[in-house]
Every structure is written in structure tokens, then in C-alpha cells.
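Read the structure below first, then the notes.
Set out below in C-alpha cells:
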């Protein structure tokens, strides 16, 4: 038997462990350099090798931990929650209900959905799309955005796509925007972990492995912060978006050809 086949940790072969470490190092670079974008990178890359629910489970604790740090250090936590509580509530409820789609849907359909969501995310980021009605802060707009975000997140784990577009349209200053995104992503990550745990997708083993993924994530984040001074973040972000786009296209092709 090949040595590569005999050496595995927690059910993963050596090459799979190496791949996971590289994915979270890259995810940490993105998070450290630009402040968000972790699941949009790690989930498609992991889902290219592992089943989508497993890719989400691996990303769960790093998503939670990275956004918890940003949210708890926010100077605007109270005011942002008071302003966007409808968005947070509807996102949480709709995500908790629709997360079953990820488990019940055909794996290839889920792969297609994740690939399409990755491409949509990149397209929106690069286009700088701004929809006028998204600048409103009323309960109806927030509720609609929260529900759409939750349903998309239930099938693909990309619950932040629509909500981030909404927050971009709010014309918040830099600090408030980062804090608002962190609070939203933290809310979604908590619901995602709880829901997947209830469905048996995430258990103690998965949480432990996902927690271990925080090690390369932190290393990547520290390197990403240092890169901010040496590389234009806009150039770096565009390179990452190209990678995410290519990954999304690859996942769609795999969904069609099996």
C-alpha cells in the first residue's frame, strides 16, 4: 500500500490535509489584506475536492472566529445592530430554514449553485453594481434582502452575497462598513454552525477539524496585513476575484459533466 494512502489524519489523506492548509492560508491572506471574502474563496476551492456540506463545515469555525474578532472590537456595534436588526433577524431565520437545501439537494446541483454564486459574487464586485432601492434602510427592504440572502445561503453557504451588496449601497464610512459586514457574517456563521449541527453535518469531529483550520488562517491573515503596505489592495483583490471566478466556472463544468 502506498505511504500516501496509509498516512491520514481524521479521515483525510496527506495531500488533502496539505490542500486544506493551502486553501486557508490563501483565505487568510484575503481576509487580512481586504477585510472580508473568506467563505467566497475557501468554500468554492474546498468544494472542488470535497462535498459542498463538508466544505462548508470546514469553513464554519474560521468564518465564525475571524468575524467574531472584528465584531467584538467594533466601536459601532450597538448602533449598527439597532439600524440593521431587521436584516440580521430575517437573514438568521431564512438561513436556518433553508439550510436543509444544501443537504437535501442533489450534490451536482449544489455544486452548480455554489459555482454560480461564486461567479455572481465576482461579477457584482467587479461591476460596482449599485441598485437604487438598496440604499433604503426601511424594514421592508432589509427584510427582503435578509430573506434572499438566507435562501441563497441555505443552498450555497454564500449568505453574505446580497447582504454585502446592500451594505455597500448604504454609503457607510470604511469603519462602519467593515463592522456592519462583520456583524452580519457573524450572525450567519452562528446560524450556519447551529443548523448544520442539528442536521448532523457538523459534529464534534467536524468542529475540531474546522477549528484546526484557524491555524493556517491566522498565519495567512498576519501575512495579508503586512501585504497591505507593499501591494495595492485593489490589485490584490482583483487577482483573488479572478481566482474565485475561475473556480466557479470549474465547479459549473464539473456539475454538468459529473
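Residue numbers (this note's numbering): 796 to 1053.
Every residue gets a Cβ at the ideal spot worked out from N, C-alpha and C, and that includes glycine.
All figures in this text were calculated on a predicted structure; none of them were measured in a lab.
| What is the C-beta distance between residue 865 and residue 977, in whole angstroms, given that I count them as a contact (C-beta under 8 angstroms)? | Between residue 977 and residue 865 the Cβ distance is about 4 angstroms, and since that is below 8 angstroms, they are a contact.
| Quick one: what's got a C-beta closer than 6 angstroms to residue 1050's C-beta in the same chain, skipping five residues either side? | 903, 906, 907
| request: Return the CA-CA distance between residue 874 and residue 988, expressed in angstroms with no decimal places. | output: 26 angstroms
| task | Could you work out which residue in 861, 823, 852, 822 is closest to residue 974 when comparing CA atoms only? | result | 861
| Sorted by chain position, which residues of the same chain lie with C-beta nearer than 7 angstroms to residue 985's C-beta, five sequence neighbours on each side aside? | 859
| Exposed or buried, which one is residue 854 when buried takes at least 16 other CB atoms within 10 Å? | That one is buried.
| field | Simplified DSSP assignment, three categories, for residue 937 | value | Looking at residue 937 - three-state DSSP - the assignment turns out to be helix.
| message | Check this for me: beta carbons of residue 1013 and residue 941, under 8 angstroms apart or not? | response | no
| field | Length of the line joining the Cα atoms of residue 808 and residue 955 | value | 31 angstroms
| said: Less than 8 angstroms between the beta carbons of residue 997 and residue 951, yes or no? | reply: no
| said: So, does the segment 880-894 touch the segment 932-940, judging by three or more C-beta pairs under 8 angstroms? | reply: Enough Cβ pairs lie closer than 8 angstroms, so yes.
| request: Could you spell out the range, first to last residue, of the alpha helix (DSSP H) harbouring residue 879? | output: 872-893
| query | In or out: residue 921 buried (at least 16 other Cβ within 10 Å) or exposed? | reply | exposed
| field | Spatial distance of residue 817 from residue 980 (CA atoms) | value | 23 angstroms
| Nearest to residue 982 by CA position, among 1047, 888, 1037, 1030, is which residue? | Nearest of 1047, 888, 1037, 1030 to residue 982, Cα basis: 888.
| query | Nearest-angstrom Cα distance between residue 878 and residue 965? | reply | Distance between the alpha carbons of residue 878 and residue 965 is about 11 angstroms.
| Rounded C-alpha distance that separates residue 912 from residue 851 | 14 angstroms
| residue 1026 to residue 1019, Cα distance in whole Å? | 10 angstroms
| task | Would you tell me roughly how many angstroms separate the C-alpha atoms of residue 831 and residue 1021, rounded to the nearest one? | result | 16 angstroms
| request: Could you name the residues of the same chain whose beta carbon sits closer than 7 angstroms to that of residue 842, not counting the 5 residues immediately before and after it, in chain order? | output: 850, 906, 909, 1046
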